[in-house]
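Sequences listed follow chains U and W, in order. Letter by letter, the first sequence follows residues 1 to 342 in the numbering used here. Letter by letter, the second sequence follows residues 1001 to 1355 in the numbering used here.
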Amino acid sequence: MPTKSGRTIAATKEKSLKSVFLRWEFLLILLFLIVNIMNASISKNYLNATNLFTAISTFLVKGFIAFPMAYILVLGDIDLSVGSTVALSATLLGVSYNAGLPMGAAVGIALLCGTLCGFLNGIILTKFTELAAMIVTLGTMTLYRGIAEMILGSQSTGGLQNVTWFYDLYYARLGTVPYIFIVFCVLAVAFGFILHKTTFGRYIYAIGNNRLAARYAGVPVQRVRLICFTLVGLICGISSIYYASWMGTVRYDIATGYELEAISMVVLGGISTAGGKGNFPGTVISIFTIGLLKYGLGLINVNSQTILMIIGAILIIVVTIPNLRFRKHTEKHALASSGTAQ
Amino acid sequence: MKKLIAIVLCLLMAFAAFACAQPAASTAPEAGGASEGAAAADAAQTYAVITKSAGNPYNEREAAGFEEAITEAGYAAIIKHPAEITAEAQITLINELVAQGVQGIAVAANDVDALETALKAAMDAGIKVVSLDSSVNVASRMTHINQAGVQQVAQALADAVLDLTGGEGDWAILSATSTASNQNAWIEAQKEIMKGDAYSGLNLVEVAYGDDEYQKSVDQTQALLQNYPDLKVICAPTTVGIAAASKVITDEGLQGKVIVTGLGLPSEMAEFMGEGNVACPYMFLWNPIDVGRVAAYALIEMVNGDLTGELGQSFVAANGTTYTVTEAGDGGTEIIIGPPFAFTAENIEEWKTVY
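Put into structure tokens, the structure is as follows:
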């Protein structure tokens, strides 16, 4: 009897989760629409395409990081070192350019540096599987930024926008649409495709749901994790290039707090930090929801700290709603099943 | 049913965001509304100031001065604090202001170069841009509002030494590091001024360097007292040095015998100032409110007058003072507000809570 009822509950969990995610998407799109309608109605300046894309470009720089971060969270891991990886990669880019290297080489170094940072996280975590990702990446978070500080000290390294093509990376536009937006969309589709339509993506979900079971089922758990962490590093490298192109000057203390922003974008998108749950389109929608909400509130001159508070509150509310629904659902079902048993 | 709950919660959340947003949004027009019929003026001209960070009392005073001056002129003022002390957060704010189509932006920069593209875009959009307090590079601004020029600081300090020694005797300088560019500029200028006849009775015995470290500054002060028993004045043009020297003088009970002056923070110096026999009868620093006000005057003049921030221009501000655009150390131009502000026994109580 207990085994039977236990099995039924497990089965309904599966089903109700599915519906929760359907609802989640629905909620998120609703929130996105509300934010946009609200913004457009309180500020007449909101729907100006040029300015809107200027604002979008600024949050896309960190928005990139949410893509691989989504993979990491689905895996049930976390990566806190992304901001520091961006800082270190951008620092190396600036320093190597100012040391006389051609910009192309400097960009290559930034990509390589990012990838190596991610690879190092991955290697540590896959060689010593008992270590928690939060602790290891907390360590590398200070390590990478520390290296950047050793290289640059309190100086900044600039002049990067003197190279026209590098300046254009961030600022060039196709009509009113910035290229960074197009790159972002292409990457979003690629990441979404890999997660939902390939074996590799299914491995990620399998590992996130139950790492041990996945291993026994023949999923190359550690290799998948290593690839995902390295991927985070690579994307951080790309983000650092856009950052450098955007700012034209780099300091060691740039990109602070990117880790939390990327994680909150992913979590608002419906991916649980517990792993194995959520899907990718939600992340993309939430990147825009958070970014445009911030922009809209900024346009009506809401205090920056208040904006952060509002985003925090929304995050908590949105994450809570499906849980409330889920609890009610299971309660009702438990009641119904106990009713049939008697 | 559940769908309904979800929708209701969602709407609630949006309203919460609205509710939070509304009062903050209305502060700017309200501020502008201090003068009657400001609604029309609000729509006509809006000026914004971007601080380095929230919770920086010095910056907040600057912003308050800016807002006062703008409001007095009948326009709307926006004060923006970045979410973090970074250029990145300031760029976001600049973009927002450009999108709103404000007339002028004053910014206390977190990075001298990083705001360039954003501020250039603002200027391309016809917005007047000045920096205050902490400057942006020459290409990113029309002019810079500087607290006080090197000459004016040096003159104020030289006069203070002359006054406090009574015209003759030994005095010493307690500086920060021997490489600090602003310190050296002030000290050199002060030495130059004091070659004049009025200062001929004064004898500069030593320039000591406390490296802007409190303990080292204390040690250097004690060494000065030891080596020069006839020392009358210690002039410390650094906030760390002046506080350390005052502490030593107070601890050793030498108030009135050796007098401390220089550049100091009122909040740190209040305990050594005030009525009676104190270590420091008066000292100097900038008045942040004036910095904000002059930034506002300059922007208003740029929008409504002929001021472009070119070298040699001058304008009469609403407070009746004439300000002149002079050459800045970085090759651009700046407007110097005037002599540094004197903190005395009378006003220290009021200022110590400010910064």
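All residues carry an ideal CB built from backbone N, CA and C; glycine is no exception.
| Query | Result |
| --- | --- |
| If we cut at 8 angstroms on Cβ distances, does residue 1092 of chain W have a partner in chain U? | yes |
| Could you tell me which uninterrupted alpha helix (DSSP H) segments, each at least 4 residues in length, are contained entirely in the stretch 172-202 of chain U, listed from first to last along the chain? | 179-197 |
| Please go through the stretch 99-132 of chain U and give each complete alpha helix (DSSP H) segment of 4 or more residues, from N-terminal end onward. | 103-127 |
| Is the Cβ-Cβ distance between residue 85 of chain U and residue 144 of chain U less than 8 angstroms? | yes |
| Do we get a CB-CB distance below 8 angstroms when we pair residue 1084 of chain W with the residues of chain U? | yes |
| Could you run through the stretch 246-272 of chain U and flag, in chain order, every residue whose CB is less than 9 angstroms away from some CB of chain W? | 246, 247, 248, 249, 250, 251, 253, 254, 255, 256, 257 |
| Rounded C-beta distance between residue 254 of chain U and residue 90 of chain U? I'm assuming under 8 angstroms. | 6 angstroms |
| Hey, would you say residue 1051 of chain W sits closer than 8 angstroms to residue 1108 of chain W, going by beta carbons? | yes |
| Got a sec? Which residues, its chain only, sit under 6 angstroms from residue 259 of chain U by beta carbon, not counting five neighbours each side? | 80, 82, 83 |
| I need the straight-line Cα distance from residue 1283 of chain W to residue 1261 of chain W, nearest angstrom please. | 5 angstroms |
| Which residues, in order along the stretch 275-288 of chain U, keep a beta-carbon less than 7 angstroms from a beta-carbon of chain W? | none |
| Pick out whichever of W/1089, W/1247, W/1192 has its Cα sitting closest to the Cα of residue 1215 of chain W. | W/1247 |
| Using a Cβ-Cβ cutoff of 7 angstroms, what residues of the stretch 53-77 of chain U are near chain W? List them in chain order. | 54, 55, 58 |
| At a Cβ cut of 7 angstroms, what residues of the stretch 189-205 of chain U count as close to chain W, listed as they run along the chain? | none |
| Return the CA-CA distance between residue 1098 of chain W and residue 1253 of chain W, expressed in angstroms with no decimal places. | 57 angstroms |
| From residue 1024 of chain W to residue 160 of chain U, what does the alpha carbon distance come to, in whole angstroms? | Residue placement at residue 1024 of chain W is flagged as unreliable, the pLDDT there being 41, under the threshold of 50; the coordinate-derived value follows with that caveat. C-alpha separation (whole angstroms): 38 angstroms. |
| Quick one: Cα of residue 1343 of chain W to Cα of residue 1223 of chain W, how far? | 27 angstroms |
| What distance in whole Å lies between the Cβ atoms of residue 1128 of chain W and residue 1302 of chain W, which are believed to be in contact at a cut-off of 8 angstroms? | 4 angstroms |
| Tell me, please, whether the CB atom of residue 1042 of chain W is closer than 8 angstroms to any CB atom in chain U? | Interpretation of residue 1042 of chain W is limited by its pLDDT of 45, a score under 50 that renders its predicted location unreliable; no figure is taken from the coordinates. |
| I'd like to know whether the C-beta of residue 304 of chain U is nearer than 8 angstroms to at least one C-beta of chain W. | yes |
| Using a Cβ-Cβ distance under 8 angstroms, would residue 1341 of chain W count as near chain U? | no |
| Could you pull the start and end residues of the alpha helix (DSSP H) that residue 1095 of chain W belongs to? | 1087-1100 |
| Comparing alpha-carbon positions, which option in U/316, U/77, U/49 lies nearest residue 177 of chain U? | U/49 |
| Under the three-state reduction of DSSP, which class applies to residue 9 of chain U: helix, strand or coil? | With a pLDDT of only 41 at residue 9 of chain U, under 50, the local geometry of the prediction cannot be trusted, and no value is derived from it. |
| Between the stretch 152-166 of chain U and chain W, which residues of the former have a C-beta closer than 9 angstroms to a C-beta of the latter? | 156, 158, 159, 161 |
| Please compile the residues from chain W whose C-beta is within a distance smaller than 9 angstroms of the C-beta of residue 295 of chain U. | 1092, 1095, 1096, 1099 |
| Buried or exposed: residue 165 of chain U, going by 16 or more other Cβ atoms within 10 Å of its Cβ? | exposed |
| Could you give the distance in angstroms between the alpha-carbon of residue 1054 of chain W and the alpha-carbon of residue 191 of chain U? | 38 angstroms |
| If contacts are defined as beta-carbon pairs under 8 angstroms, then residue 103 of chain U and residue 163 of chain U qualify, I think. What distance do you get, rounded to the angstrom? | 4 angstroms |
| Given a cut-off of 8 angstroms, decide if residue 1151 of chain W and residue 1189 of chain W are closer than it, judged by their beta-carbon atoms. | yes |
| Is it true that the stretch 117-128 of chain U meets the stretch 1069-1081 of chain W, where meeting means three or more beta-carbon pairs spaced less than 8 angstroms apart? | no |
| How would you call residue 1290 of chain W, buried or exposed, if buried means at least 16 neighbouring beta carbons within 10 angstroms? | buried |
| Taking residue 208 of chain U as the query, report the chain W residues whose CB atoms sit under 7 angstroms from its CB, ordered along the chain. | Here the premise fails: no neighbours, minimum Cβ distance about 25 angstroms. |
| Give every residue of the same chain whose Cβ lies closer than 8 angstroms to the Cβ of residue 1022 of chain W, excluding the five residues on either side of it in the sequence, and list them in chain order. | The predicted model places residue 1022 of chain W with a pLDDT of 44, which falls under 50 and marks its position as unreliable; any figure quoted below should be read in that light. Result list for residue 1022 of chain W: empty, nothing under 8 angstroms. |
| Residue 1334 of chain W bridges to which residues according to DSSP? | W/1144, W/1326 |
| What residues in its chain sit with their C-beta under 6 angstroms from that of residue 44 of chain U, if we drop five residues either side in the sequence? | none |
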